[in-house]
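Chains as they are written, first to last, in the numbering used here: chain A, 110 to 346; chain B, 110 to 346.
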DNA sequence: ATATGAAATTGATATAAATCAATGGTTGAG
DNA sequence: CTCAACCATTGATTTATATCAATTTCATAT
């Protein structure tokens, strides 16, 4: 594991407030590893052995039932995933696969549980991180239940624009089929929705998104801090 | 606040492992109060001042956007809600209203935050509680994305049967319009879905549900521990 | 460059679900 | 007991979305 990785991990909200000795102990048992694109890192139902931290690349969290599956989130550097399962020592609810070549830090779940019992600051950070994750999923569920697919797409684009620093022009960064699945619709439906969204000020060509009329976009999907608000760090989709 | 309430609260997973002194201190600042039916206890967007514990009655958590709204959960005794907002000291993502006359325990959020900083056991309990809440919402989102409305209804009935100790006959306990909203569908659609579900072994008359053919029901919605698994205590719908 | 395979788009159609409208049933207040 | 209000149901219809099928586009490996 590279020293600058260590520094970056140390700066994560989850790790930055804990005692140095405890951080070092955690990292002692952890290891960084590179994985090729398309690798299934964990499968839903597996026992939760490691907290995963994305150092480089991108990881898709997805879930399946019967023969169906859907994208639940995409995590980019520097974000963590499956903290909750590790803490409760129960099976993962979601699977994870690399979307590109990725480097991950794997922190043994048992170490995690041991450390937050003796480091109050780390316990507080864990609480805050989990609360953030919880709220992110609640927002996702609200979006699914309160908006139709066209509105979800528009809100998604608006949010990506904000993540890009308010740019009116940005690239999507992930495949449209993943966005579609994340937003709870088919790729065909997303494609059609995007075409009709020029009515409200969004134009998309390939990976490039241009917001041609922010006022109309804002009128169409009034952004709501209680749905579109800031997520946990590293959580892209 | 009644002594037996106190005992019941003390037995909650969230509170049972903390030091007695700290529990007493928390309860010192807390107060129990009865509310009439249909009262809006909190509104989404409000600052999070109190952790709520349902001692008696039932509380609906719901969310709104534009002119729409939907039920996100129903909490019955003895369950807590809006822990995450209290911890992060940020606005509530959901509103809450009493479904019937209810008695609640209100614990000041600031006390909460102070106590888990000095009581490691309480911090661990909070972590575990939050992880459970997180997983409950993830399951809800998975259900919304992976199942159609008929399947969600069938799975809901199956789960209620299990909550009723595996009974093949049980009462719903909440209004159908709430169930519909919770499951992400209209009341009309729920009504129709229920009628067609006799095909797979479910019959509903009023509030009474009878599972007439468990095998067929299980074949139709193979229950999945990663979706239908046990929720946080007190979380009914 | 060209061939290959996956993603994205497009069109046609089917299905699921929402909406609108009307009716019947239940509950609680007076 | 009767009425009013709300919930639940039912039917007719519209709308949203999924599905199926066929191209086209794009990225990549050869």
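The beta-carbon is built from N, C-alpha and C at its ideal position, and this holds for glycine as well.
In chain order, what residues of the same chain have a beta carbon less than 6 Å from the beta carbon of residue i, not counting five sequence neighbours either side?
i                      : result
residue 128 of chain B : 228
residue 312 of chain A : 319, 321
residue 277 of chain A : 320
residue 117 of chain B : 187
residue 110 of chain A : 141
Taking the beta strand (DSSP E) that residue i falls in, what are its first and last residues?
i                      : result
residue 173 of chain A : 168-174
residue 124 of chain A : Unbroken run through residue 124 of chain A: none, as it is neither H nor E.
residue 278 of chain B : 278-280
residue 189 of chain A : 188-190
residue 317 of chain A : 317-320
residue 164 of chain A : 159-165
residue 313 of chain B : 311-314
If you follow the alpha helix (DSSP H) that residue i is part of, which residue opens it and which one closes it?
i                      : result
residue 209 of chain A : Premise fails: residue 209 of chain A is in no alpha helix (DSSP H) and is neither H nor E.
residue 136 of chain A : 129-138
residue 148 of chain A : First-last for residue 148 of chain A: undefined, no H or E at that position.
residue 177 of chain A : Run containing residue 177 of chain A: none in the alpha helix (DSSP H); it sits in the beta strand (DSSP E), 177-184.
residue 241 of chain A : 229-255
residue 118 of chain A : 112-119
residue 385 of chain B : The structure shown has nothing for residue 385 of chain B, since chain B only spans 110 to 346.
residue 337 of chain A : 334-337
Whole-angstrom Cβ separation of residue i and residue j, contact assumed at under 8 Å?
i                      : j                      : result
residue 141 of chain A : residue 164 of chain A : 6 Å
residue 246 of chain A : residue 250 of chain B : 6 Å
residue 310 of chain A : residue 326 of chain A : 4 Å
residue 281 of chain B : residue 183 of chain B : Their Cβ separation, rounded to whole angstroms, is 11 Å, which puts residue 281 of chain B and residue 183 of chain B out of contact at 8 Å.
residue 191 of chain B : residue 157 of chain B : 6 Å
residue 146 of chain B : residue 230 of chain B : Rounded, the Cβ-Cβ distance is 37 Å, inconsistent with contact.
residue 215 of chain B : residue 161 of chain B : 6 Å
residue 225 of chain B : residue 236 of chain A : 7 Å
residue 202 of chain A : residue 172 of chain A : 7 Å
residue 217 of chain A : residue 138 of chain A : 5 Å
residue 121 of chain B : residue 187 of chain B : 6 Å
residue 332 of chain A : residue 267 of chain A : 6 Å
residue 221 of chain B : residue 193 of chain B : That pair is no contact at about 11 Å.
Please list, in chain order, all residues of the same chain as residue i whose beta carbon is under 8 Å from its beta carbon, the five residues on each side excluded.
i                      : result
residue 260 of chain A : 329, 330
residue 149 of chain B : 204, 205, 206
residue 126 of chain B : 230, 231, 233, 234
residue 293 of chain B : 179, 253, 258, 261
residue 263 of chain B : 306, 309, 311, 326, 329, 330
residue 153 of chain B : 172, 173, 200, 201, 202, 203, 204
Buried or exposed: where does residue i fall if 16 or more other Cβ atoms within 10 Å of its Cβ makes it buried?
i                      : result
residue 130 of chain A : exposed
residue 317 of chain B : exposed
residue 256 of chain B : buried
residue 112 of chain B : exposed
residue 175 of chain B : exposed
residue 297 of chain A : exposed
residue 248 of chain B : buried
residue 334 of chain B : exposed
residue 143 of chain B : exposed
residue 133 of chain A : exposed
residue 211 of chain B : buried
residue 185 of chain B : buried
residue 307 of chain A : exposed
residue 304 of chain A : exposed
residue 244 of chain B : buried
residue 219 of chain B : exposed
Under 7 Å Cβ to Cβ from residue i, same chain only, skipping five residues before and after it: list those, please.
i                      : result
residue 87 of chain B  : There is simply no residue 87 of chain B to check, as chain B begins at 110 and stops at 346 in what is shown.
residue 295 of chain A : 289
residue 199 of chain B : 157
residue 119 of chain B : 125, 132
residue 279 of chain B : 269, 270, 273, 318
What are the complete alpha helix (DSSP H) segments, minimum 4 residues, inside the stretch 267-303 of chain B?
285-291
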